[in-house]
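In the numbering used here, the protein residues as written are 11 to 212.
Below is the structure:
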């Protein structure tokens, strides 16, 4: 794109604007890639001190931020009493990566749904996060692989991305004693999320 602009200094304003938009998008993708590589290599997300966090509250904050960034409707179904103990930056990154991933693969105008829940009982209580979209879904034989670093499904190869977003989610969640899950949604789309131990906020 830069070479085209150098060779054709007399191009129309409309074509110049299109090329600048392409450049802007590609710079954004490179920036995201570098940030994700640094996060993986440095371990910065899990190096911060953990704290008690209301999962529903943070999920709502992240959803609102991503909705503005993506110009999408992101619905959050909250669940009271889902307090987790982990670094806030790590939780925010895990949530934002899931929501961003759903927005990227769902080109429609329907809402991306973030559902916070709880399962188990006693000391085994788990907070659950599920992010659902209406995209192409995940091939059944690749459900276990989507959290691997640099893994890209056939449907993902035509979309921007590094293949690190869900790997970061897995690393962050497993570092806190949690687990990640991925499945296909009834009626089309994917459901991707994680489970974390619930802690007593007191």
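Glycine is no exception: its CB is placed at the ideal position from the N, C-alpha and C atoms.
Secondary structure of residue i, DSSP reduced to three states
{"i": "residue 115", "result": "helix"}
{"i": "residue 84", "result": "strand"}
{"i": "residue 183", "result": "helix"}
{"i": "residue 158", "result": "coil"}
{"i": "residue 204", "result": "strand"}
{"i": "residue 178", "result": "helix"}
{"i": "residue 140", "result": "strand"}
{"i": "residue 167", "result": "Here the model assigns residue 167 a pLDDT of 49, short of 50, so the residue's position is not dependable and the matter cannot be decided."}
{"i": "residue 62", "result": "strand"}
{"i": "residue 189", "result": "strand"}
{"i": "residue 76", "result": "helix"}
{"i": "residue 242", "result": "Since the first residue of the chain shown is 11 and the last is 212, residue 242 is not available in this structure."}
{"i": "residue 209", "result": "coil"}
{"i": "residue 89", "result": "coil"}
{"i": "residue 22", "result": "coil"}
{"i": "residue 147", "result": "coil"}
{"i": "residue 38", "result": "helix"}
{"i": "residue 153", "result": "coil"}
Buried or exposed (CB count within 10 angstroms, at least 16 for buried), residue i
{"i": "residue 17", "result": "exposed"}
{"i": "residue 27", "result": "exposed"}
{"i": "residue 116", "result": "buried"}
{"i": "residue 73", "result": "buried"}
{"i": "residue 94", "result": "buried"}
{"i": "residue 37", "result": "exposed"}
{"i": "residue 145", "result": "buried"}
{"i": "residue 44", "result": "exposed"}
{"i": "residue 122", "result": "buried"}
{"i": "residue 30", "result": "exposed"}
Within 9 Å, strictly: CB atoms of residue i and residue j
{"i": "residue 202", "j": "residue 111", "result": "yes"}
{"i": "residue 86", "j": "residue 106", "result": "no"}
{"i": "residue 193", "j": "residue 153", "result": "yes"}
{"i": "residue 149", "j": "residue 97", "result": "no"}
{"i": "residue 195", "j": "residue 147", "result": "yes"}
{"i": "residue 199", "j": "residue 143", "result": "yes"}
{"i": "residue 177", "j": "residue 204", "result": "no"}
{"i": "residue 139", "j": "residue 174", "result": "no"}
{"i": "residue 104", "j": "residue 182", "result": "yes"}
First and last residue of the uninterrupted alpha helix (DSSP H) at residue i
{"i": "residue 195", "result": "Unbroken run through residue 195: none, as it is neither H nor E."}
{"i": "residue 17", "result": "12-17"}
Range of the contiguous beta strand (DSSP E) that encloses residue i
{"i": "residue 96", "result": "93-96"}
{"i": "residue 123", "result": "122-129"}
Same chain, Cβ closer than 7 Å to residue i, neighbours up to 5 away in sequence not counted
{"i": "residue 130", "result": "136"}
{"i": "residue 132", "result": "none"}
Close-in-space but distant-in-sequence residues of the same chain around residue i (CB under 8 Å, 5 per side omitted)
{"i": "residue 77", "result": "83, 84"}
{"i": "residue 157", "result": "176, 177, 179, 180, 190, 192"}
{"i": "residue 63", "result": "93, 94, 95, 96, 98, 101"}
6 Å CB neighbourhood of residue i in its chain, flanking five on each side removed
{"i": "residue 33", "result": "11"}
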